[in-house]
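FYI, my numbering numbers position 5 of the sequence shown as 78, with every residue one higher than the one before it.
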Amino acid sequence: MENERLLVIFPHPDDEAFSSAGTIMQHAETKGPVTYVCLTLGEMGRNMGRPIFTNREELPHIRKQEMIEAAKRMMIEDLQLWGLRDKTVEFEDEALLAGRFRDLIRELRPSRVISFYPGYAVHPDHEATARAVVRSLRSIDAEERPEFLAVAFANNTRDDLGPAHVVNDVSAYTDRKIAALEAHASQTGGLLKAIEEDPHLRDLLVNERYYHYPL
Ligand SMILES: [Zn+2]
């Protein structure tokens, strides 16, 4: 096996599973170790399980345990929970956060980085994460810069950006992607029903799409 590392950076537990579980597992099986930097514990999430099984006080603890279990299912070797406050990533100092990402990239030397695409990431925490990731990558010399695969899912993505640059067929991982999503139980209760009803979600279980963001 080649020894290439994949670095995944998202703000919330479950962002990684919805967007990239198949790609993560494929990388872990065929290319090398995976690091997931999850910036918050998603403690301000609106879902408390369906049926409800937790509350606002317990949620950070529950989501942390769910994240650890999901990481195991996705064969993520290195799970880093940075413990920023949920829903406040947009108020973090962008230069500081980008500096932390740059230091980590220098340390781990990943061949690929996965995060959100600025402007097409929908949620303020997602956008702030995407901007800091781009800033960190721009601060690294082009020869040393890892490939950046950006997740875009705003409604206007296809109209503005065209078809995805990388379409990863993850149909061999569909069952295990569902299992990874189910590990985030407080957020994904009723998932199987949602899959039946939502063609976008169904597609996400077989194809993971990425754009190359111009750096
Ligand atoms: Zn999120």
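Virtual Cβ for every residue (Gly too), placed ideally from N, Cα, C.
Tell me residue i's beta-bridge partners as DSSP assigns them.
i	result
N241	E281
S188	A223
V107	L79
T113	L157
L152	Y109
Just confirm the distance between the C-beta atoms of residue i and residue j, as a whole number of angstroms; I'd bet it's less than 8 Å.
i	j	result
E116	D87	Not really, about 13 Å apart at Cβ, beyond 8 Å.
A201	E165	7 Å
L152	I187	That belief does not hold up - the Cβ atoms of L152 and I187 are roughly 15 Å apart, past 8 Å.
R282	A237	4 Å
How long is the line joining the alpha carbons of residue i and residue j, rounded to whole angstroms?
i	j	result
E216	P124	50 Å
A227	V195	6 Å
V224	F126	31 Å
K250	L274	12 Å
L170	Y193	20 Å
M121	D214	44 Å
F174	A205	8 Å
Would the beta-carbon of residue i fall within 7 Å of that of residue j?
i	j	result
L181	T108	yes
A90	A143	yes
R136	L114	yes
P133	P183	no
M326	M140	It is not possible to answer for residue 326, since the shown part of the chain is limited to 74 through 288.
R179	L288	no
R146	A256	yes
V240	G95	no
Mind checking whether the beta-carbon of residue i lies closer than 6 Å to any heavy atom of ligand 1?
i	result
D176	no
D88	yes
H257	no
H273	no
H285	no
H85	yes
Using 6 Å as the cut-off, classify the Cβ of residue i as near or not near the heavy atoms of ligand 3, replying yes or no.
i	result
H100	As for ligand 3, it is missing from this structure, which binds only ligand 1.
Is there a Cβ from chain C that is less than 7 Å from the Cβ of residue i?
i	result
K266	Here there is only one protein chain, and chain C is not present.
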